[in-house]
């Protein structure tokens with residue numbers, strides 16, 4: 071029997087591999103601009119790197135509207151005001167970052183719109199398996215958290231959902247932040263549900279990305295079926311509904327009644343008829359007619 075060997079799942083045509091903006095390529099081009107005497111400051115370079123990351127996430131979403139089009143041929147439709155909201159930078163800082171990215175040939179300006187240069191795209195690596203639209207949305211306005219999250223993605227060893235040591239020193243080299251700033255950013259990443267921490271013996275820790283960072287929402291536990299309550303051994307008697315008030319008892323047939331008049335009383339026999347009339351002087355007079 072002739073068995074045909076199935077193709078290995080690890081091999082696929084290069085054109086089928088998704089492309090994304092390479093953080094390494096962006097940083098290399100920014101460093102090349104900063105190699106001169108009047109190069110940009112660390113803060114300006116970091117802001118440009120942050121803007122490139124957020125703009126790259128937005129452009130990847132934009133690619134879904136243009137199937138079959140090269141990613142470097144798609145305009146980045148995200149104005150500086152929106153970039154400022156997502157990065158937490160001032161609008162003028164965003165505009166300066168865009169100029170720096172254009173000068174470094176990270177961005178090309180075509181007909182007044184920005185596009186990523188062809189040379190900054192590369193096949194998506196392990197860090198690309200993260201769902202960056204979810205991460206950027208969850209950390210909107212927290213540029214420090216976004217950059218520290220990106221550093222974790224680049225420095226983690228092994229799959230992104232596995233535990234890995236990510237030294238604070240290395241994160242600082244990637245981002246230019248101090249250790250206190252990195253610790254606060256990590257705390258915010260954990261509070262946002264992006265990263266989990268596992269403390270080891272001593273002062274070291276390991277980190278891994280949580281399910282939400284992959285765009286996965288934990289399924290809600292199924293609702294417990296409605297069951298009857300367990301019967302208590304102490305039985306309580308059923309409480310009857312409240313009774314309506316009883317009308318006053320009617321006088322028994324064949325009996326008279328007592329008529330109260332001022333300080334005295336008058337026994338009226340059964341069948342008698344009582345009426346009140348006025349005499350010649352206008353005073354009331356009670357008349358009793360017997361049956």
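Numbering (our numbering), first residue to last: 71 to 361.
For glycine and all other residues, C-beta sits at the position ideal for the given N, C-alpha and C.
What are the residues that DSSP puts in a beta bridge with residue 276?
268
Determine the direct distance from the alpha carbon of residue 166 to that of residue 233, and round the result to whole angstroms.
38 Å
Starting from residue 168, trace the alpha helix (DSSP H) in both directions and tell me its first and last residue.
161-173
Tell me the DSSP secondary structure of residue 119 in three-state form.
helix
To which residues of the same chain is residue 235 closer than 6 Å at the C-beta, ignoring the five residues directly before and after it?
A distance below 6 Å between beta-carbons, with the five flanking residues on each side excluded, links residue 235 to the following residues of its chain, in chain order: 276.
Euclidean distance between Cα positions of residue 339 and residue 359:
10 Å
If you count every other CB in all the chains shown that lies within 10 Å of the CB of residue 110, and 16 or more means buried, which is it?
buried
Compare the Cα-Cα distances from residue 260 to each of 157, 269 and 279 and report the closest residue.
279
Assuming residue 90 is part of the beta strand (DSSP E), what are its boundary residues?
It spans 89-91 - the beta strand (DSSP E) in which residue 90 sits, taken as one unbroken run.
Who pairs with residue 192 in a beta bridge, going by DSSP?
Bridge pairing for residue 192: 90 [DSSP].
What residue does the beta strand (DSSP E) around residue 250 start on, and which one ends it?
Per DSSP, residue 250 belongs to no beta strand (DSSP E); it is in the alpha helix (DSSP H), 249-261.
Since residue 128 contacts residue 146 with CB under 8 Å, what's their CB separation in whole angstroms?
In this structure residue 128 is in contact with residue 146, their Cβ atoms being roughly 6 Å apart against a cut-off of 8 Å.
Among 212, 224 and 273, nearest to residue 255 - alpha-carbon criterion
Relative to residue 255, the option among 212, 224 and 273 whose CA is nearest is 212.
Between the Cα of residue 180 and the Cα atoms of 143, 156, 191 and 170, which residue gives the shortest distance?
143
Span of the beta strand (DSSP E) around residue 70:
Limits of the chain in this structure are 71 at one end and 361 at the other, which puts residue 70 out of reach.
Can you tell me which of the three DSSP states residue 234 falls into?
strand
Got a sec? Which residues, its chain only, sit under 6 Å from residue 116 by beta carbon, not counting five neighbours each side?
246
Determine the contact status of residue 168 and residue 103, defining contact as a CB-CB distance below 8 Å.
no
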